[in-house]
Structures are given as C-alpha cells and as structure tokens.
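Order-wise, the sequence lines are chains A and B. So the first sequence is numbered by full-length UniProt numbering: it starts at 1 and just counts up by one. So the second sequence is numbered by full-length UniProt numbering: it starts at 1 and just counts up by one. Using N, Cα and C, we set each Cβ at its ideal position, and we do this for glycine too. Single-structure report; data block below.
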Amino acid sequence: MSDRPAPIDCDVHPVVPDIKALLPYLDDHWQEAVVRRGIEGLTTISYPTRNPLSFRQDWRDESGRTAMDAATLGRQALDPFGTRLAICNCLYGVQAQYSEDLGVAMSRALNDWIAREWLDRDPRLRASIVVPMQNAELAVDEINRCAADKRFVQVLLLVGSEVTLGRRQNWPIYAAAERHGLPVGIHAGSMYRHPMTPVGWPTTFTEEYVNQATAFQSQLTSLIAEGVFAKFPSLTVVLMESGVSWLPAWMWRLTKFWKGLRSEIPWVADPPSSIVRERVRLTLQPFDAPPDAASVMRLMEHVGSDEMLLFSTDYPHWQFDGTDALPAGLDASIARKIMAENPLRTYVRLNDRETTP
Amino acid sequence: MNVDVLNRSAAPIVSSTKMAIADCDIHPRPAGVGIGGVSKSLYPYLSQRWIEHVEAFGITYRQPWEKGAAYPKNQPQACRRDAFLPDGGSPGSDLRFMAQQHLDPNNVALGILNPLTSGQGATNPGLSAAIAHATNEWQKAEWTSQEPRLRGSVVIPYEDAAASVKEIEARADDREFSQVLLLSRTAEPLGQRRYWPIYEAAAAADLAVGIHAFGNGGWPNTAGGWGSYYIEEMVGHSASQQALLTSMILEGVFEAIPKLRVVLVEGGLAWAAALGWRLDRQWRKLKQEVPGLKRAPSEYIRTNVWFTTQPIEEPEPRMHLAEAIDWIGWDRVLFATDYPHWDFDDPAHALPFRMTEAQRRGVFMENARRVYRGSIEIAG
C-alpha cells in the first residue's frame with residue numbers, strides 16, 4: 001500500500017473487557033447497582049464473544065478476545081496498515097437496556113472510559129459519542145457533554161432502533177450533531193426492541209447478520225422519507241459495517257417510488273439517489289463484494305460516486321485476512337480517495353490541527 | 001405509473017408487445033360490496049358457518065384498521081384510475097374488462113392470477129382457511145375456467161401448514177392452477193420448519209411457490225420499528241423478500257426440497273446479486289452454524305428462485321439494470337405488470353435497454369413456461 005496515503009480507519013471497535021472496567025466512571029449509585037444487582041455485562045448478541053465474526057482468529061488472545069486496550073489495538077489494527085487516525089466505535093450494549101436511566105449512566109461511563117483509556121493513550125485515536133438511544137433529549141445531553149472534547153468526531157447510533165431513525169422524535173439528536181459539526185454514524189447492532197428482519201426473529205447468527213443490511217436499507221429510507229436531510233442541510237450520515245453492495249439496487253427502487261409517491265413526502269424535493277450520493281457515506285468493511293474484480297468496478301459505477309466510501313478495517317471483527325482490507329478490483333484513484341480524502345471530508349474534526357498529530 | 005415526472009434517458013426502446021407475453025402478476029378481485037372485509041362474491045363458496053362469522057365479526061389482520069390497508073395507498077384500492085369499471089366497480093373484478101384493457105392490447109398469452117386480500121394472515125386461522133378455499137373456488141369458477149390465457153394461484157392460509165397442504169393437495173391435479181401463493185410478511189421467516197410441509201406439497205404437485213409482497217405478520221416492517229409512510233412500506237418490500245429468501249436458503253429448504261421453485265413477486269430483483277455476495281461471504285466464515293447447506297448460498301438463488309420484474313428498478317442509465325440482471329442470470333427473470341395496480345409496468349416500456357432475442361423471449365415468455373406447470377401449451 002506504499003503508493004497510497006496513510007489510511008484513516010473509520011471503524012474500529014474497542015472492547016470493554018468487563019463491566020468492572022466502567023465502575024470508576026459510574027457514580028456511587030450506579031456502581032452499587034452494578035455490583036448488588038449482579039449486572040453481568042452488556043455484550044450483546046450482535047457480536048457474541050465466541051462467534052467467528054466477532055474476533056478474527058489470529059487477533060484473539062487466551063480469553064478468546066482482543067482489542068481490550070489501546071496498545072493492543074495500535075499494534076494489531078493501526079501499525080500494520082500505517083494508519084494515521086482511527087475512529088473508535090464502542091459497541092457495548094448500553095442502548096439495549098430497557099431503562100433509560102441505566103442507558104444514560106452507562107453511556108456517560110462508556111464515553112469517559114473511551115476518553116481516558118483510549119484517546120488519552122494513543123494520539124491516533126478518535127471516537128464516536130455513544131448516546132442513550134432510549135430518549136432523544138437525554139441523548140442530546142450526552143452529545144453536548146462530550147462534544148467539547150474535539151477527539152469525539154461523530155454521534156453513534158445503532159441500526160436496530162426502537163422507532164425508525166427518521167421519525168421526528170429523533171430530530172433533536174440530528175440538530176445537536178449538526179450544531180457541533182458531527183456526522184451521525186449508524187452502526188450494525190440493535191436495541192433489540194424488534195427482530196432484525198421485518199418478518200420475525202431469525203434462528204441463526206448468520207441470518208441475523210446478513211439481515212443487518214436490510215435494516216440499513218430501511219433506516220436510510222426512513223431518514224430520507226421523513227425529511228431529515230432537508231431539515232438538517234449540513235448533516236452527514238455514515239453507515240458503518242452496513243455492507244456496501246446493496247446500495248445501488250435500494251437506491252434505484254426508492255428513487256423510482258419517489259417519482260410515483262413524492263406527493264406523500266413533498267419535502268423530499270431531490271431524487272433520493274442524489275441525496276444519498278451527497279449526504280451519505282459508508283465504511284468499507286464488509287464490502288460484500290462480487291467475486292470478480294470487473295464486477296467490483298461495475299458496482300462502483302452503479303454506486304455512482306467515488307466520494308462515498310470510507311476506509312475501515314472493522315477491527316477486531318473478522319471481515320478479511322491479512323491486510324487485504326480493500327476489495328480486489330478497485331482502481332487506484334478510488335482507493336486513494338477511500339483511504340484518506342473521503343474520511344477527511346466527512347469528518348470535519350479530523351482536520352483539526354489542535355488535536356491531530 | 002399514473003404519474004410520470006421525469007424524461008428518461010435516451011435508450012433504444014424495443015417494443016415487446018408484438019410478441020405474446022407472459023404476465024406473472026395479475027390481480028383479480030371479487031366484485032361487489034364487502035361485508036367486514038369479505039366480498040359477497042365469495043359467499044357462494046363459503047359455508048354458512050363462516051358467512052355468519054363474517055357478518056358478525058368481519059375479518060381482522062395484525063394491523064389497525066377495520067377497512068383498508070395498514071398504510072393509506074396513494075390511489076383508491078392502489079389501482080389505476082382507468083382500471084375501474086364503467087359502473088365504478090373495483091379494478092380487476094371483471095374478466096371481460098380486464099381482457100379488453102390488458103390481456104388483448106398487451107398480447108398477454110399467459111397470465112398468472114394472484115388474488116390478494118384473500119384472508120391470508122388473518123388473525124382467525126379457521127377463517128383464513130375458509131376464505132382461501134373460497135377464493136380458489138371463485139378463481140376457478142369465474143376466471144380460469146372462463147379464460148384459457150389465465151392460470152390461477154392456490155391461495156393458502158400459510159400460517160397453518162396442515163390446512164395449506166390440504167388446499168394444495170385438492171388442486172394438485174387441476175392444471176388451471178400453476179402456483180401456490182403466499183404473502184411475504186409472515187409470522188415467522190419463511191425458511192422455518194413450520195412452513196416446510198407447504199413447500200413439500202407444492203413440489204410434489206409440481207407447483208411453483210409464489211411469494212408476493214405484503215401481508216401482516218405482526219412484526220414491525222423494519223428492524224427499527226414501523227415506518228411512517230406508504231413509500232417506506234413499498235420500498236421495504238424488497239427488504240422483506242431479502243429476509244425471507246435468506247431464511248429459506250440458510251434453513252436448508254432448497255437442500256431438503258431441491259425441486260422447489262420459488263417466485264418472488266413484486267419485491268424487485270436488482271438486490272439479488274448483492275444478497276448472494278453477502279450471503280456467500282458470511283457463509284464462508286460461519287458455515288459451521290448452517291451445516292445443512294451443501295453449496296454456496298448464492299447457488300440456490302441460481303437454481304431455485306425466480307423474480308418478477310414489476311416494479312422494475314429504474315437506474316440512470318437504465319443499462320445498469322441489465323448489468324444487474326447479468327449477475328443473477330436472465331433465466332431468473334419473469335415479466336409482470338401488476339395489473340390493475342397504480343404502479344403497473346407497461347411491457348412496451350418497462351425494460352428500455354438492448355436485449356438479445358433470447359433474453360427478451362426468456363423474460364417475456366420462455367422463463368415463465370419453465371416455472372409454471374400447465375403453461376407449456378400456451379402459444380407464444
């Protein structure tokens with residue numbers, strides 16, 4: 001990768017080793033709650049510990065895990081790729097708690113833990129603000145609290161929400177994100193209020209994981225149909241670990257129906273395909289690429305923009321082997337844009353000289 | 001469509017209407033006033049017990065309304081305005097009118113009937129079975145026996161596999177029926193074991209299994225809750241189709257019943273290649289979890305699954321759609337208009353890109369003949 005710029009990895013996952021790690025970041029009441037109530041941890045079924053996808057085999061330690069400290073993440077995920085900056089998206093299931101009080105307490109602890117244990121320890125690291133999706137007002141409070149730290153570069157939501165993300169009750173989150181110059185990143189995962197498929201609960205992890213892509217399709221439809229992009233003209237939405245190759249077909253279908261049904265959503269004045277190409281970005285892994293290189297470039301023509309993809313390894317999830325993070329077949333100019341140019345345009349705060357080495 | 005707001009990019013338009021075509025998604029509808037959501041036209045085919053039930057309690061689905069669909073449509077009955085009968089009767093409720101407006105001018109030599117609002121997914125399973133049976137009797141009496149160009153679909157109460165099998169077996173030797181009809185939004189993903197007897201019975205009878213968009217399975221139509229708008233529902237039908245196909249493949253339905261032919265109706269087709277790539281990639285890492293699969297998941301799509309065209313995706317440039325079909329194979333594609341619904345695809349304009357003669361004949365007729373039993377003798 002010597003002819004390419006040092007990459008910016010837009011999706012890496014610090015792993016909370018144990019809920020006890022968050023105790024120093026919880027107040028007395030919640031510390032006691034965790035201990036006395038025996039809360040066992042918030043690892044969700046989106047990424048079960050032993051699952052082959054959750055940790056690449058050659059990255060696992062004796063406990064079967066990895067990515068539990070900044071030094072390990074730097075050694076495994078940043079050094080081999082020559083990565084200049086990486087965005088931490090911690091997928092500890094604070095959003096899935098049914099109590100919004102717990103959601104707030106755990107979100108705050110998690111963000112403070114990320115700042116102290118990760119961002120303070122490796123200047124290459126940035127992070128997304130984890131918010132209590134249970135309640136938009138409380139999510140805004142957390143965004144406002146964390147945004148002063150310029151190393152937080154994005155607001156993190158999960159694709160499996162309680163109500164569709166475009167709905168107006170979520171708009172305070174988008175207003176706050178826009179005000180602070182933060183993209184809203186939607187990551188695979190769920191609050192588990194609903195099954196991952198629109199036709200009921202899946203029986204296997206494989207089925208659930210494959211269906212995350214359909215969840216992304218529906219959420220993007222919701223964001224467009226409800227008018228989020230019209231209401232918040234400076235907002236960028238980033239889809240993370242969403243898969244990429246589903247995008248053109250979904251875009252074609254939505255744009256066709258917009259022609260016939262736009263009277264229902266008159267605030268959507270532009271074709272959805274144009275909105276998507278301008279305002280939506282996707283992290284690279286997993287690309288879900290066609291098997292042959294020629295089809296990869298054909299697919300990129302269907303995507304219709306070389307500015308939408310952002311480099312990611314999805315570390316420590318197992319999406320590829322070795323350092324082959326880019327799908328074979330992408331031409332050199334697109335690859336260059338993916339590695340750094342597109343991320344720098346997407347995340348305004350990555351260009352901040354005060355915090356960037 | 002009723003509204004056409006864009007000038008399409010210039011593409012060589014090859015008229016398809018000169019040749020006889022197969023239309024794999026036509027919606028007939030029982031005529032007349034409905035009582036509690038059931039048309040009186042079905043009463044001759046219902047027992048007194050269920051007529052009395054309908055009169056007293058109507059029919060309910062896992063959605064809010066006494067009348068009408070979960071999301072308000074953009075047109076009355078979601079239909080073309082010009083498809084209402086001269087006396088104001090429901091579109092699709094009169095064979096002669098359908099023939100004059102659609103079958104004759106569009107040279108439809110083979111039409112597959114997919115009756116909707118036929119009690120499928122009703123909360124009361126007994127009523128669901130009764131309405132499904134009545135709908136099949138009505139299809140035969142008033143449509144397929146009257147019009148040799150039309151083939152019926154065996155409407156089944158799919159949440160009750162035993163009742164469904166009974167209905168399928170009753171039609172197994174009736175060549176006026178070419179497929180078994182399900183809706184896509186079911187109570188559980190369609191690969192699950194509770195539905196397998198349906199597939200076994202269909203395969204045994206050499207009937208295709210058509211799975212049409214819509215239904216009321218009770219689950220929110222997205223993993224993030226209920227969408228707000230009809231456009232979300234319409235776009236989301238492709239998500240439901242992806243989900244049910246994923247389920248059928250991963251649960252091993254096609255491995256267990258290799259003769260099964262599944263037709264996905266009205267959910268789009270451009271997504272199929274990408275779903276195959278995603279399935280294959282994840283399967284390579286996770287195959288230990290689904291040991292029943294003997295082949296890569298995408299291969300079952302290539303051998304056991306077909307897709308109807310309407311509502312055909314419309315990329316700019318339109319040639320991108322042909323490339324997407326290249327990826328899944330032209331033999332997988334079945335032309336459909338969705339008559340008399342508002343988003344009807346006109347066979348003369350729906351596929352405005354260059355096709356080889358073999359591709360065109362396949363999409364507009366030959367593929368359908370291979371999928372639907374009893375259609376081989378249709379001229380075309």
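| Asked | Found |
| --- | --- |
| So is T204 of chain A in contact with chain B if we call contact Cβ pairs under 9 Å? | yes |
| Would M355 of chain B pass as an interface residue toward chain A - the criterion being a Cβ-Cβ separation below 9 Å? | no |
| Determine, using beta-carbon pairs with one atom in the region 108-116 of chain B and one in the region 24-33 of chain B, whether at least three such pairs fall under 8 Å. | yes |
| Once the 5 residues before and after Q120 of chain B are set aside, which same chain residues still bring their CB inside 6 Å of it? | L183 |
| Relative to the C-alpha of R295 of chain B, which residue among B:E313, B:G267, B:R281 and B:G152 is closest? | B:R281 |
| Figure out for me which residue from A:A70, A:N144 and A:P291 has the closest Cα to the Cα of R121 of chain A. | A:A70 |
| Whole angstroms is fine: what's the gap from G243 of chain A's alpha carbon to A272 of chain B's? | 14 Å |
| Could you please give the first and the last residue of the uninterrupted beta strand (DSSP E) stretch that includes D112 of chain A? | Careful: D112 of chain A lies outside any beta strand (DSSP E), inside the alpha helix (DSSP H) at E100 to I114. |
| Leaving out five residues on either side along the sequence, give the residues of the same chain with a beta carbon under 8 Å from the beta carbon of M1 of chain B. | At M1 of chain B the pLDDT is 45, less than 50, meaning the model places this residue with poor confidence and gives no usable figure here. |
| Give every residue of the same chain whose Cβ lies closer than 6 Å to the Cβ of M339 of chain A, excluding the five residues on either side of it in the sequence, and list them in chain order. | R4, P5, P7 and F311 |
| Quick one, which of A:Q169, A:G166, A:Q154 and A:N170 has its alpha-carbon nearest H180 of chain A's? | A:Q154 |
| Which of helix, strand or coil does DSSP assign to F84 of chain B? | coil |
| Only counting runs of 3 or more residues, tell me where the beta strand (DSSP E) segments fall wholly within the region 138-212 of chain A, in order along the chain. | 152-160 and 184-190 |
| Closest to H302 of chain A by CA distance: which of A:V276, A:P316, A:D324 and A:G322 is it? | A:V276 |
| Hey, how far is the Cα of E188 of chain B from the Cα of L85 of chain A? | 43 Å |
| Suppose the cutoff is 7 Å on Cβ atoms and the five residues either side in sequence are ignored; what does the same chain contact list for G218 of chain B look like? | R62 and A187 |
| At 8 Å on the CB atoms, spell out the chain B contacts of R50 of chain A, in chain order. | Under the 8 Å cutoff, chain B gives no residues; its nearest Cβ is about 11 Å from R50 of chain A. |
| Hey, T164 of chain A and V238 of chain A are a contact pair by Cβ (cut 8 Å); roughly how many whole angstroms apart? | Not confirmed; about 18 Å, so no contact. |
| For T323 of chain A, which residues in the same chain have their Cβ closer than 7 Å to its Cβ, ignoring the five residues on either side in sequence? | P80 and F81 |
| At the 9 Å Cβ level, is R239 of chain B part of the contact set with chain A, yes or no? | Just to set this straight, residue 239 of chain B is Ala in the shown sequence, not Arg. Chain A contact via Cβ: present. |
| Below 7 Å on C-beta distance, what does S305 of chain A contact in chain B? | Correct list: empty, because the minimum Cβ distance to chain B is about 13 Å. |
| Out of B:E251, B:I301 and B:L279, which one is the CA nearest neighbour of T214 of chain A? | B:L279 |
| Please return the same chain residues whose Cβ sits closer than 7 Å to the Cβ of I257 of chain B, not counting the five positions on each side in sequence. | Y199, E200 and A203 |
| Closest by CA to R193 of chain A, which one among B:A223, B:E233, B:G210 and B:E167? | B:A223 |
| Take I265 of chain A and list the residues in its own chain whose beta-carbon comes closer than 6 Å to its own, dropping the five residues that flank it on each side. | A225 |
| For R278 of chain B, name the three-state secondary structure that DSSP assigns. | helix |
| Among all the DSSP beta bridges, which residues are the ones paired with A22 of chain B? | B:L110 |
| So which of B:P86, B:W327, B:A163 and B:H102 has the shortest CA-CA distance to R149 of chain B? | B:H102 |
| Using three-state DSSP, classify S47 of chain B as helix, strand or coil. | coil |
| If contact is defined by three or more beta carbon pairs under 8 Å, each pair taking one atom from either stretch, is the region 18-26 of chain A in contact with the region 93-113 of chain A? | yes |
| Do V38 of chain B and G68 of chain B count as a contact pair if the criterion is CB distance below 9 Å? | no |
| Please tell me whether, using a cut-off of 8 Å, the distance from the CB of P172 of chain A to the nearest non-hydrogen atom of the ligand MG is below it. | With respect to the ligand MG, the structure offers nothing, as it holds no ligand at all. |
| Compare the C-beta of Y230 of chain B against all C-beta atoms of chain A and say whether one is closer than 9 Å. | yes |
| Would you kindly work out how many angstroms separate the C-alpha atoms of H212 of chain B and G41 of chain A, rounded to a whole number? | 42 Å |
| Between the Cα of S222 of chain A and the Cα atoms of A:A177, A:V199 and A:S161, which residue gives the shortest distance? | A:S161 |
| So with CB distances below 8 Å, who are the chain A contacts of E289 of chain B? | T204, F205 and T206 |
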